[in-house]
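Worksheet for the structure shown next.
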Amino acid sequence: MTTRIPRIAPSEITPQEVYFNRRAFLTGVAAAAAGAALGRAAAAVVPAGSGAPLACTFDGAESVGALVHAPDQNEKPNTWYQITHFNNYYEFGTSKTDPAEYAGRLQTRPWSITVAGEAQRTGTFALEDFLKPYALEERIYRFRCVEAWSMVIPWVGIPLAAMLKRLEPTSRARYVAFESLYRPGQMPGQKVPILSWPYREGLRIDEAMNPLAFMVVGLYGRVLPNQNGAPLRLIVPWKYGFKGIKAIVRITFTETQPPTTWSRARPDYYGFYANVNPNVPTPGWSQESELRIGNPFFHQRQKTLMFNGYGEEVAYLYKGMNLREHF
Ligand code: MTE
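Counting from 1 along the sequence shown, just add 71 to a position and that's the residue number in my numbering.
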């Protein structure tokens, strides 16, 4: 008899109206009503003064918009504090608390994004202009770090596919590469050659076009805090967290697989694909289970799911590939 590992569909975590409607941010009267209804739940996890609320579309101004916080479903989102005080962001140090302590010094305005390579619309754009065409959505995703801990996080952002399509990649674009800011004056970790700076990541173009891939500008309906990758970061929920590059300044469409920071630093530990896979251990530790941050029974690990539980949505991308070789 085979045992089927229970799969948790994203729709079970994010309420269907949020997940399917794709316009999670409401306006006007509806927003006020939703805000009142949801405000109580959000207030419990988002302390006062935790970043400005986001507007419905990203206009660069920190104007008041509707806070739509998807209420708890099967999996409880982690709290604001947990998500913003347990971080990996080596530009600010290697301890989990360094980013919360030091990332505040990073100036995220003005910010520009350079688009290069195999696309029709290349150039350098002010972030406000770059993001203006899109409505923001909330997506509550599981987040699984390769270090074997996990969280559930209510991100706010834009589907990566929508953004990339607008840039009109050419038929030669097979990959998309991302680069973080390099600014050692404000990112002291970059003065230490612990990684080759700037931080780099990449996806195959069909992975990038999957509807789950997400460009994030907010968290819990608030502007994304610096320690979580402000002003713009990537989230790929079926992959290990290190694919989620922060403080993006450059997007390049390429014909060949781009170099990525962790797969260059430790190719025996971290691959380009980095799909969450409980069957492939990282040398030195297992990936079979994970510790959910905030679990009061902290010794109780939970089973890690293939593709972090998003297999139904993404397994087609890897048909015919040996996921042990292409880890
Ligand atoms: N992006 C940059 N630029 N620098 C980093 O050190 N760390 C990665 C990823 N993105 C990292 C980065 C790793 S290892 C993880 S697990 C996630 O960010 C952590 O995201 P979080 O701090 O929002 O939980």
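We treat Cβ as the ideally placed atom computed from N, Cα and C, and that holds for glycine. Remember, predicted model here, so these are calculated numbers, not experimental data.
Within the present structure, is the beta-carbon of Gly-365 separated from the nearest heavy atom of the ligand MTE by less than 6 Å?
no
What distance in whole Å lies between the Cβ atoms of Trp-356 and Ala-219, which are believed to be in contact at a cut-off of 8 Å?
6 Å
Assigned secondary structure, Ile-322 (DSSP; H/G/I helix, E/B strand, else coil)
strand
Quick one: complete alpha helix (DSSP H) runs, 4+ long, within the region 178 to 250?
Entirely contained in the region 178 to 250, the alpha helix (DSSP H) runs reaching 4 residues are, in chain order, 198 to 202 and 231 to 237.
Would you report the Cα separation of Tyr-340 and Thr-331, rounded to the nearest angstrom?
Straight-line Cα distance between these residues: approximately 13 Å.
Extent of the continuous alpha helix (DSSP H) run through Ile-403:
The structure shown does not extend to residue 403, since the chain is modelled only from 72 to 398, so the question has no answer here.
Contact between the region 344 to 353 and the region 192 to 202 is defined here as three or more beta-carbon pairs at a separation below 8 Å; is this criterion met?
no
Would Val-247 and Ile-276 qualify as a contact pair, given that the criterion is a beta-carbon distance under 7 Å?
Yes, the pair counts as a contact, with Cβ atoms nearer than the cut-off.
Lys-147, DSSP secondary structure in three states
coil
Between Phe-369 and the ligand MTE, is there a pair consisting of the residue's CB and a ligand heavy atom that are separated by less than 6 Å?
no
Measuring only the C-alpha atoms, how far is Gly-365 from Gln-153?
Straight-line Cα distance between these residues: approximately 7 Å.
Is Pro-349 close to chain C? Criterion is C-beta to C-beta, closer than 7 Å.
The structure shown contains no chain C; it holds only a single protein chain.
Could you tell me whether the region 291 to 308 touches the region 170 to 178, using the rule of 3 or more Cβ pairs below 8 Å?
yes
From Pro-282, Leu-388, Glu-209 and Thr-195, pick the residue whose C-alpha is nearest to that of Ala-233; which is it?
Pro-282
Following a CB-centred definition, is Asn-410 positioned closer than 6 Å to any heavy atom of the ligand MTE?
The structure shown does not extend to residue 410, since the chain spans only 72 to 398, so no value can be given for it.
Contact check, Phe-249 vs Glu-278, beta carbons under 7 Å:
no
Taking 7 Å as the limit between beta carbons, can you name the residues of its chain near Ile-306, skipping five residues before and five after?
Only Tyr-212, Trp-226, Phe-285, Val-287 and Gly-315 meet the Cβ criterion.
Over the uninterrupted alpha helix (DSSP H) stretch that includes Ile-276, give me the two end residues.
276 to 279
Apart from the five residues on each side of it in sequence, which residues of its chain come closer than 6 Å, Cβ to Cβ, to Gly-47?
Any question about residue 47 goes unanswered here, given that the chain covers just 72 to 398.
Report whether the distance from the Cβ of Asn-350 to the nearest heavy atom of the ligand MTE is below 6 Å.
no
Reference Gln-261; option with closest CA among Leu-177, Pro-302 and Tyr-389:
Leu-177
Using alpha carbons as the reference points, say which of Gln-191, Arg-215 and Tyr-205 lies closest to Tyr-381.
Arg-215
Taking the CB atoms as reference points, tell me whether Arg-321 and Thr-185 lie closer together than 7 Å.
yes
Buried or exposed (CB count within 10 angstroms, at least 16 for buried), Arg-210
buried
Taking buried to mean at least 16 other C-beta atoms within 10 Å of its own C-beta, is Thr-327 buried or exposed?
The residue in question, Thr-327, is exposed, as its Cβ has fewer than 16 Cβ neighbours within 10 Å.
Given a cut-off of 7 Å on the beta-carbon distance, is the pair Ser-251 and Ala-318 in contact?
yes
With a 10 Å radius around its C-beta and 16 neighbouring C-beta atoms as the bar for buried, classify Pro-354 as buried or exposed.
It is exposed - the Cβ of Pro-354 has fewer than 16 other Cβ atoms within 10 Å.
The ligand MTE heavy atoms versus the CB of Lys-317: any closer than 6 Å?
Yes, Cβ of Lys-317 sits closer than 6 Å to a heavy atom of the ligand MTE.
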